[in-house]
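S.K.:
Residue numbers (the working numbering): -15 to 282.
1) When DSSP builds the beta bridges, which residues end up paired with residue 252?
2) Would you tell me roughly how many angstroms separate the C-alpha atoms of residue -3 and residue 182, rounded to the nearest one?
3) Please state whether the Cβ-Cβ distance between residue 249 and residue 99 is less than 7 Å.
4) Need the endpoints of the alpha helix (DSSP H) that residue 236 sits in, please.
5) What is the rounded straight-line gap between the Cα of residue 197 and the Cα of residue 65?
6) Would you decide whether residue 14 is buried or exposed? Buried here means 16 or more other CB atoms lie within 10 Å of its CB.
7) Which residue comes first and which comes last in the alpha helix (DSSP H) that contains residue 19?
8) Nearest CA to the CA of residue 238: which residue from 228, 251, 224, 247?
9) Could you tell me which residues DSSP pairs with residue 97 in its beta bridges?
10) Could you tell me the distance, in whole angstroms, from the CA atom of residue 75 to the CA atom of residue 55?
11) May I ask you to verify whether the stretch 140 to 152 touches the stretch 165 to 179, counting CB pairs closer than 8 Å and requiring at least 3?
12) For residue 3, write down the residues that DSSP places opposite it in a beta bridge.
13) Provide the residue span of the beta strand (DSSP E) that contains residue 40, from first to last.
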């Protein structure tokens, strides 16, 4: 819905996001209708709808500046070695009007506050780290076998989880039946209101359980098709990092490192903590292999 000048009011957007109709349910409390399954196909799951409501209730965040993200791909991922606070970034102009890019710490109280490092220097050093993250052929295939084992364990776990969900739903149905009996037998208006509110919450919980059961009943996709892109990335993460797409760069950072990497202005990068798939694919010196049931799959 747009105004005559073509703009869309924020309140209208919020009202649309709050409509449970898009999740496949009809709820009109003033008519005594609450969370009745609709006849149309839902556009989103009820679980997604609930996540949207949770986000709407949070405080608004200041949007990130897209230009800074593209100019400084390491912004937010590299932290100051002295205080642990993420480095910020900026453009500076010299006396001859030339522009220079810097990463720097702006944390109050840090002994490195205001000290900067040239963008070219820190990103060149980071390039060297990414280039070094390349597994040996044997480690790569061993990692692939380990992921296949975990994939099979995940499949078995889904079956167990689905059985638990069915049991939870049965218990919830019994609780709802008992609560309905209390609503029918009570003459107290306040108790009736309390019971009805509890029933609504239980009905919402039942809807979520039904969706989880439905999604859990679906079989896992083929391992090779699912992990083809991931294994390609593990074979050489640097290819994603040198992409022109800032989104792919950020994904590469999140996939390679388990936490922010620290940088000392004078010494350079400290030893980074790699994400477990990367550590597995590079070798097993720091991996607890006992937690993996190493049965080679065909």
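Where is the CB? At the ideal position from N, CA and C, for every residue including glycine.
M.R.: Once the coordinates are examined:
1) According to DSSP, which records beta bridges pairwise, residue 252 is partnered with 248.
2) 29 Å
3) In this structure, residue 99 lies closer than 7 Å to residue 249 by Cβ.
4) Residues 230 to 240.
5) 46 Å
6) exposed
7) Taken as a continuous stretch (DSSP letters only), residue 19 belongs to no alpha helix (DSSP H), being part of the beta strand (DSSP E) at 17 to 21.
8) 224
9) 89
10) Between residue 75 and residue 55, the alpha-carbon positions lie close to 9 Å from each other.
11) no
12) Looking at the DSSP assignment, residue 3 forms no beta bridge with any residue, so it has no partner.
13) From DSSP, residue 40 is part of no beta strand (DSSP E) but of the alpha helix (DSSP H) over 30 to 41.
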